[in-house]
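Asks: Read top to bottom, the protein sequences are chains B and A. For the first sequence, the numbering used here assigns the number 61 to the initial residue and increments by one for each residue that follows. For the second sequence, the numbering used here assigns the number 2 to the initial residue and increments by one for each residue that follows. Dropping the structure in here first, questions after.
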Amino acid sequence: MTKQMSRELTRQQYLDLYYYMRLNRAVEDTMVKLFRQNKIVGGLYSSLGQEAISVGTAYTLQKKDWIAPMIRNIGALLVKGVPPRDIFMQHMAKYDSPTKGKDGTSHFGDLDNLHIVSPISMLGDLIPVMTGVAIGGRYLGQKVVAMTWIGDGGSSTGVFHEGLNFAATQKAPFVLILENNLWAYSTPVRRQVPLENLADRAKAYGIESYIVDGNNVVAVYTTAIEAVERARAGEGPILIEAKTFRRLGHAQHDPAEYVPKEMRAYWEARDPIALYEKFLTREKLLDAAGKKEIDEKLDVLLTAEREFAENSPMPPAEFAQGGVYCTGDDCHKIRAKWERSIGEVTPPKSSVKPVWTVPGFGSGRGSGGADAPIHFGDTPAVMEKPANNSRPAKVAAKPVAKGAKKARAAAASASRKARR
Amino acid sequence: MARANGAPTNGSAKGGAEITFLEAIRQAMFEEMERDSAVLLMGEDVGVYGGAFKTSEGLLERFGWERVIDTPISESAIIGAACGMSYLGLRPICEMQFIDFIVCAFNQITNFVAKGHYLWNAPAPMVIRGPSGGGVHGGPFHSANPEMYFIHTPGLKVIYPSTPYDAKGLLKAAVRDNNPVLFFEHKFLYRRIKGDVPSEDYTVPIGKAVVRREGKHLTILSYAAMMHTSLEAADALAKEGIEAEVIDLRTLLPLDEETILTSVKKTNKCLVVHEDTKTGGIAGEIAAILFEKAFHDLDGPLVRVTSLDTPVPYAPTLEEHFLPNAKKVFSAAKELARY
Numbered sequence: 061m062t063k064q065m066s067r068e069l070t071r072q073q074y075l076d077l078y079y080y081m082r083l084n085r086a087v088e089d090t091m092v093k094l095f096r097q098n099k100i101v102g103g104l105y106s107s108l109g110q111e112a113i114s115v116g117t118a119y120t121l122q123k124k125d126w127i128a129p130m131i132r133n134i135g136a137l138l139v140k141g142v143p144p145r146d147i148f149m150q151h152m153a154k155y156d157s158p159t160k161g162k163d164g165t166s167h168f169g170d171l172d173n174l175h176i177v178s179p180i181s182m183l184g185d186l187i188p189v190m191t192g193v194a195i196g197g198r199y200l201g202q203k204v205v206a207m208t209w210i211g212d213g214g215s216s217t218g219v220f221h222e223g224l225n226f227a228a229t230q231k232a233p234f235v236l237i238l239e240n241n242l243w244a245y246s247t248p249v250r251r252q253v254p255l256e257n258l259a260d261r262a263k264a265y266g267i268e269s270y271i272v273d274g275n276n277v278v279a280v281y282t283t284a285i286e287a288v289e290r291a292r293a294g295e296g297p298i299l300i301e302a303k304t305f306r307r308l309g310h311a312q313h314d315p316a317e318y319v320p321k322e323m324r325a326y327w328e329a330r331d332p333i334a335l336y337e338k339f340l341t342r343e344k345l346l347d348a349a350g351k352k353e354i355d356e357k358l359d360v361l362l363t364a365e366r367e368f369a370e371n372s373p374m375p376p377a378e379f380a381q382g383g384v385y386c387t388g389d390d391c392h393k394i395r396a397k398w399e400r401s402i403g404e405v406t407p408p409k410s411s412v413k414p415v416w417t418v419p420g421f422g423s424g425r426g427s428g429g430a431d432a433p434i435h436f437g438d439t440p441a442v443m444e445k446p447a448n449n450s451r452p453a454k455v456a457a458k459p460v461a462k463g464a465k466k467a468r469a470a471a472a473s474a475s476r477k478a479r480r
Numbered sequence: 002m003a004r005a006n007g008a009p010t011n012g013s014a015k016g017g018a019e020i021t022f023l024e025a026i027r028q029a030m031f032e033e034m035e036r037d038s039a040v041l042l043m044g045e046d047v048g049v050y051g052g053a054f055k056t057s058e059g060l061l062e063r064f065g066w067e068r069v070i071d072t073p074i075s076e077s078a079i080i081g082a083a084c085g086m087s088y089l090g091l092r093p094i095c096e097m098q099f100i101d102f103i104v105c106a107f108n109q110i111t112n113f114v115a116k117g118h119y120l121w122n123a124p125a126p127m128v129i130r131g132p133s134g135g136g137v138h139g140g141p142f143h144s145a146n147p148e149m150y151f152i153h154t155p156g157l158k159v160i161y162p163s164t165p166y167d168a169k170g171l172l173k174a175a176v177r178d179n180n181p182v183l184f185f186e187h188k189f190l191y192r193r194i195k196g197d198v199p200s201e202d203y204t205v206p207i208g209k210a211v212v213r214r215e216g217k218h219l220t221i222l223s224y225a226a227m228m229h230t231s232l233e234a235a236d237a238l239a240k241e242g243i244e245a246e247v248i249d250l251r252t253l254l255p256l257d258e259e260t261i262l263t264s265v266k267k268t269n270k271c272l273v274v275h276e277d278t279k280t281g282g283i284a285g286e287i288a289a290i291l292f293e294k295a296f297h298d299l300d301g302p303l304v305r306v307t308s309l310d311t312p313v314p315y316a317p318t319l320e321e322h323f324l325p326n327a328k329k330v331f332s333a334a335k336e337l338a339r340y
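Encoded structure:
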């Protein structure tokens with residue numbers, strides 16, 4: 061674990077972090093109200109007390125970088141530029157929401173502008189997906205970093221391992237934030253993972269890791285910016301364990317009575333926004349007037365956003381039918397954005413050295429040739445004599461053509477022979 | 002490139018060549034990667050070794066390490082990463098070393114890749130291909146026909162060709178398609194089947210079946226290796242005066258209902274032959290379509306000739322018993338023709 065905490069932020073950056081944490085909490089407070097008014101269609105999942113992680117990590121990214129949030133990473137969506145109305149409408153299943161009512165909560169994305177990959181409930185699946193985004197971005201010369209989040213619970217999935225291991229072998233520009241909030245639904249972290257620090261999982265992949273106080277937004281930011289820059293520079297994937305606590309239940313329905321009182325009290329006293337306000341006041345970055353200004357700004361913004369969301373209609377029933385397949389260019393013009401010379405990866409130049417290398421792994425050769433033995437499915441002739449005298453059956457590509465009958469007979473005879 | 006019924010018009014074009022089924026797949030990948038630098042190949046042992054079946058032989062030398070990627074043994078990571086790449090406008094091809102292993106990535110495919118366009122407007126142009134099917138004594142974990150797991154998943158396309166011409170043309174079409182396409186390659190056909198392919202670029206449309214043999218007494222629907230078995234049976238039936246119309250489905254999702262219905266409305270009898278096991282196989286789905294849309298045209302029951310409802314057994318005697326063969330198709334068809 062390497063850690064440098066000396067990076068200075070500008071005044072504006074300090075205030076941005078504060079604003080986004082406040083916005084994150086205010087958006088979720090509004091949704092709790094909507095939930096109690098029965099305006100939210102499904103469940104509501106809270107990130108209360110974890111705002112510093114979503115905000116502090118996403119704030120390190122450039123516009124071109126990619127994120128794939130988990131359901132609780134509302135703060136990361138806001139930092140990336142998602143308007144609160146989209147989050148409200150998603151939860152309310154409205155027709156103007158990003159998924160137009162086809163999915164709920166923070167399950168939406170934006171491939172074209174904000175570079176957000178939609179969450180999936182099967183945790184861990186986004187780790188290989190974002191590894192692919194990272195490798196693909198490198199291939200296209202875009203110098204992007206891909207970031208996703210996982211919980212203490214999700215770190216036990218098979219795809220966590222497959223994805224992180226693949227990212228490590230590829231030295232992918234990928235940053236994984238492991239939010240250890242101590243609880244996976246009702247199961248405490250100790251029952252899930254026999255490790256003191258989940259960051260230790262990084263050792264298994266030969267990658268760098270950091271541990272950070274997830275309730276200290278400045279610590280989260282300074283750690284994450286270092287990780288992001290190292291990943292962008294080609295040092296490979298980095299794992300950050302942010303230690304925190306899930307203040308509410310798994311979702312609104314869950315009173316989380318399984319959480320010990322002392323544990324809750326400890327973490328409630330370490331609220332990330334309250335801690336940061338103290339810091340900002342001490343450093344004279346925020347005063348009562350400044351705070352009031354933000355209160356009012358949030359109030360005006362969220363009133364308008366909520367109103368817009370509430371006025372949006374439900375999707376028409378028949379909208380359920382369409383959109384399963386992309387119908388082609390009229391539907392999506394899929395074009396890679398090259399930021400390097402295509403010539404470098406196009407023959408004849410493409411057979412040159414890669415931009416990354418694996419030490420000790422040379423450019424070996426296969427066993428070679430079109431007649432090289434294959435795992436199963438060789439014709440007996442090829443297996444005995446790997447030369448050209450094997451004469452597999454010919455099948456006419458043209459369905460009902462003259463001479464096809466002869467070809468079919470040959471195929472049939474081969475089929476008979478092989479089936480015997 | 003194709004007639005309305007999907008039949009290729011130039012299967013034996015001059016200047017083309019006769020190649021194996023396996024070579025057709027290699028050529029399709031080679032030519033697509035040559036044509037478009039957004040096309041990449043990922044999989045286990047696809048690079049230096051050229052693939053367990055040599056389908057990617059020579060690709061690494063031609064296209065380099067960034068485009069031909071040897072991966073860890075991690076099917077979910079391969080599929081997931083390909084999906085991520087596709088979001089950037091790339092068109093990755095994923096090889097499953099044996100198609101049996103595709104189920105290791107089942108969640109990634111069915112829950113994430115397939116649902117993306119419907120849920121959040123995210124098309125995933127990617128191909129998942131690999132050697133499938135039995136008859137080569139590969140045993141229970143190297144002989145699978147897992148198509149039906151995926152045909153039950155809206156958002157995917159599923160292709161299962163039987164000739165080199167179709168394999169090459171459909172794989173090219175799959176690479177150019179904006180949706181996730183599963184491309185099954187019957188390994189029994191790899192080096193046993195040869196056919197002509199044209200020298201120029203061509204594609205075969207996804208979702209179109211083709212009439213391989215015209216007939217009037219009954220319709221035999223099949224695909225992949227069983228296509229050849231069905232044609233063999235049709236030859237034998239012809240000697241007894243029964244003219245079977247044999248249709249190669251080629252694409253299983255979306256299914257070409259029009260070609261199926263046109264034929265069955267003509268012959269009034271339908272036999273489905275597939276190497277997949279019986280319960281939940283595509284024959285059941287076809288039966289339902291016929292009952293819905295051609296009930297009054299049927300003069301006999303829908304008959305299924307399929308593998309047994311067991312895992313694929315290893316011993317040649319057991320596997321031979323497990324699989325359909327021309328004799329079984331012949332007997333079933335003869336029985337059906339009596340109606």
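All residues carry an ideal CB built from backbone N, CA and C; glycine is no exception.
From Leu486(B) to Cys386(B), what distance separates their C-alpha atoms?
Replies: With chain B covering only 61 through 480, there is no way to say anything about residue 486(B).
Asks: Using only alpha-carbon positions, find the residue among Lys303(B), Phe234(B), Pro376(B), Tyr318(B) that is nearest to Ile285(B).
Replies: Comparing Cα-Cα distances from Ile285(B) to each of Lys303(B), Phe234(B), Pro376(B), Tyr318(B), the minimum goes to Phe234(B).
Asks: Compute the Euclidean distance between the alpha carbons of Phe148(B) and Val193(B), then round it to the nearest angstrom.
Replies: Cα to Cα, Phe148(B) sits roughly 28 Å from Val193(B).
Asks: Return the chain-ordered list of same chain residues with a C-beta closer than 8 Å to the C-beta of Ile100(B), the five sequence neighbours on each side being excluded.
Replies: For Ile100(B), where only same-chain residues beyond five positions count, the Cβ hits under 8 Å are Met91, Leu94, His151, Met152.
Asks: Beta-carbon of Asn269(A) versus every beta-carbon of chain B: anything under 9 Å?
Replies: No, Asn269(A) does not count as interfacial toward chain B.
Asks: To the nearest angstrom, report how far apart Glu295(B) and Ala287(B) are at their CA atoms.
Replies: Cα to Cα, Glu295(B) sits roughly 9 Å from Ala287(B).
Asks: Tell me Phe368(B)'s beta-bridge partners as DSSP assigns them.
Replies: DSSP, once it has assigned bridges, lists no residue as partnering Phe368(B).
Asks: If you check the beta carbons only, do Leu69(B) and Gly350(B) fall under 9 Å apart?
Replies: No. Outside cutoff.
Asks: From the DSSP output, in three-state form, read off Lys458(B) for me.
Replies: Its pLDDT being 44, under 50, Lys458(B) is placed unreliably in this model, and the coordinates cannot settle the point.
Asks: Over what stretch of residues does the beta strand (DSSP E) that includes Gly196(A) continue unbroken?
Replies: Per DSSP, Gly196(A) belongs to the beta strand (DSSP E) from 194-198.
Asks: Using a beta-carbon distance below 9 Å, is Tyr150(A) in contact with chain D?
Replies: Of the chains in the structure shown, none is chain D; the protein chains are B and A.
Asks: What does the alpha-carbon distance come out to for the pair Glu96(A) and His143(A)?
Replies: Spanning the two alpha carbons is a distance of roughly 14 Å.
Asks: Tell me where the alpha helix (DSSP H) around Trp1(A) begins and ends.
Replies: Residue 1(A) is absent from the model: chain A starts at 2 and stops at 340.
Asks: If we count Cβ pairs, one from each stretch, closer than 8 Å, do we get three or more for the stretch 291-310 of chain B versus the stretch 236-255 of chain B?
Replies: The stretch 291-310 of chain B vs the stretch 236-255 of chain B: in contact.
Asks: What is the rounded straight-line gap between the Cα of Gly281(A) and the Cα of Ile290(A)?
Replies: Their backbone Cα atoms lie some 14 Å apart in a straight line.
Asks: For a test of the three-state rule: what should DSSP assign to Arg71(B), helix, strand or coil?
Replies: Three-state DSSP puts Arg71(B) in a helix.
Asks: Which complete beta strand (DSSP E) runs does the stretch 46-84 of chain A hold, if anything under 3 residues is left out?
Replies: Listed in chain order, they are 69-71.
Asks: Quick one: which chain B residues come within Cβ less than 8 Å of Arg251(A)?
Replies: The contacting residues do not exist; Arg251(A) stays about 11 Å from chain B at best.
Asks: Contact between the stretch 165-184 of chain B and the stretch 129-136 of chain B: three or more CB pairs below 8 Å?
Replies: Flag = yes, the stretch 165-184 of chain B and the stretch 129-136 of chain B touch.
Asks: Using a Cβ-Cβ distance under 9 Å, would Ala293(B) count as near chain A?
Replies: Ala293(B) does not count as touching chain A.
Asks: Leu138(B) lies in the alpha helix (DSSP H); which residues open and close that run?
Replies: From DSSP, the alpha helix (DSSP H) with Leu138(B) extends over 134-140.
Asks: In terms of alpha-carbon separation, which member of Asp46(A), Glu201(A), Asn146(A), Thr220(A) lies closest to Leu309(A)?
Replies: With distances taken between Cα atoms, Leu309(A) lies closest to Asn146(A).
Asks: Looking at the secondary structure, which residues open and close the beta strand (DSSP E) in which His275(A) lies?
Replies: Here the beta strand (DSSP E) through His275(A) covers 271-278.
Asks: How is Leu324(A) classed by DSSP in three states: helix, strand or coil?
Replies: In the structure shown, Leu324(A) sits in coil (DSSP, three-state: anything other than H, G, I, E or B).
Asks: Quick one: complete alpha helix (DSSP H) runs, 4+ long, within the stretch 284-347 of chain B?
Replies: As far as the stretch 284-347 of chain B is concerned, its whole alpha helix (DSSP H) runs of at least 4 residues are 321-328, 332-342.
Asks: Express the C-alpha separation of Pro73(A) and Asp298(A) in angstroms, rounding to a whole number.
Replies: For Asp298(A) and Pro73(A), the distance between alpha carbons rounds to 53 Å.
Asks: Quick check on the burial criterion: 16 or more other C-beta atoms within 10 angstroms. Buried or exposed for Glu111(B)?
Replies: Flag for Glu111(B) reads buried.
Asks: Shortest alpha-carbon distance to Pro314(A) belongs to which of Glu293(A), Phe323(A), Thr230(A)?
Replies: Nearest of Glu293(A), Phe323(A), Thr230(A) to Pro314(A), Cα basis: Phe323(A).
Asks: Return the CA-CA distance between Thr56(A) and Thr282(B), expressed in angstroms with no decimal places.
Replies: Taking the straight line from one Cα to the other gives about 48 Å.
Asks: Which of helix, strand or coil does DSSP assign to Ala206(B)?
Replies: In this structure, Ala206(B) counts as strand in the three-state DSSP scheme.
Asks: Mind listing the chain B neighbours of Ala83(A)? Cutoff is C-beta to C-beta under 7 Å, in chain order.
Replies: Simply Gly192.
Asks: At which residues does the beta strand (DSSP E) containing Asp249(A) begin and terminate?
Replies: Where Asp249(A) is concerned, the enclosing beta strand (DSSP E) stretches over 245-249.
Asks: From Gly139(A), Glu62(A), Asp167(A), pick the residue whose C-alpha is nearest to that of Leu23(A); which is it?
Replies: Leu23(A) has its Cα closest to that of Asp167(A), out of Gly139(A), Glu62(A), Asp167(A).
Asks: Is it a yes or a no for the stretch 169-177 of chain A touching the stretch 133-142 of chain A, going by three-plus beta-carbon pairs under 8 Å?
Replies: Counting Cβ pairs under 8 Å, fewer than three are found: no touch.
Asks: Measure the CB-CB distance between Lys154(B) and Ser372(B) and report whether it falls below 9 Å.
Replies: Yes, the Cβ-Cβ distance between Lys154(B) and Ser372(B) is below 9 Å.
Asks: Please determine, among Glu328(B), Lys203(B), Leu340(B), the residue with the shortest C-alpha to C-alpha distance to Gln122(B).
Replies: It is Lys203(B) whose Cα lies nearest to the Cα of Gln122(B).
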